[in-house]
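Novice: Numbering of the sequence shown is given in my numbering, commencing with residue 11 and proceeding in unit increments.
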Amino acid sequence: MIWCHAVSLGETNTVAPLLDALLASGYQIWLTNTTQTGFARGASRFADAIAQNRMSHSYVPVDTP
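(1) Candidates ALA34, PHE49 and LEU19: which alpha carbon is nearest GLN62's?
(2) Could you tell me the boundaries of the beta strand (DSSP E) in which THR47 lies?
(3) What number of angstroms, rounded off, separates the C-alpha of SER66 from the C-alpha of GLN46?
(4) What's the gap between the Cα of ASP30 and the Cα of ILE60?
(5) Have a look at the DSSP bridge pairing and note the partners of MET65.
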């Protein structure tokens with residue numbers, strides 16, 4: 011499994027072509043986001059891969075002391 015953390019909407023959009031290529035090559039992906047907009051974009055952009063269990067998707071909270 012390859013973990014990709016894309017904090018926000020812009021990072022999620024930027025990494026999408028790479029994740030498409032990795033998914034097409036058979037890799038399992040874990041996509042994490044911090045912002046609500048990034049999470050919503052990841053959920054909609056990769057809905058099929060998530061539904062097919064080829065991708066996991068979750069929030070990763072900000073690390074605080």
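Glycine is no exception: its CB is placed at the ideal position from the N, C-alpha and C atoms.
Specialist: Put simply:
(1) By one-based count along the sequence shown, residue 62 stands at place 52. Measuring from the Cα of GLN62, the nearest candidate turns out to be ALA34.
(2) Reading the sequence shown from its first residue, position 37 is the one you call residue 47. Here THR47 belongs to no beta strand (DSSP E); instead the alpha helix (DSSP H) covers 46-55.
(3) On the sequence shown, residue 66 is found 56 positions in, with the first residue counted as 1. On the sequence shown, residue 46 is found 36 positions in, with the first residue counted as 1. When rounded, the distance between both Cα atoms is 16 Å.
(4) As a working mapping, residue 30 is identified with position 20 in the sequence shown. As a working mapping, residue 60 is identified with position 50 in the sequence shown. Cα to Cα, the separation comes out at about 12 Å.
(5) As a first step, residue 65 is located in the sequence shown; it is residue number 55 there, counting from the start. In the DSSP output, where bridge partners are listed per residue, MET65 has ILE39.
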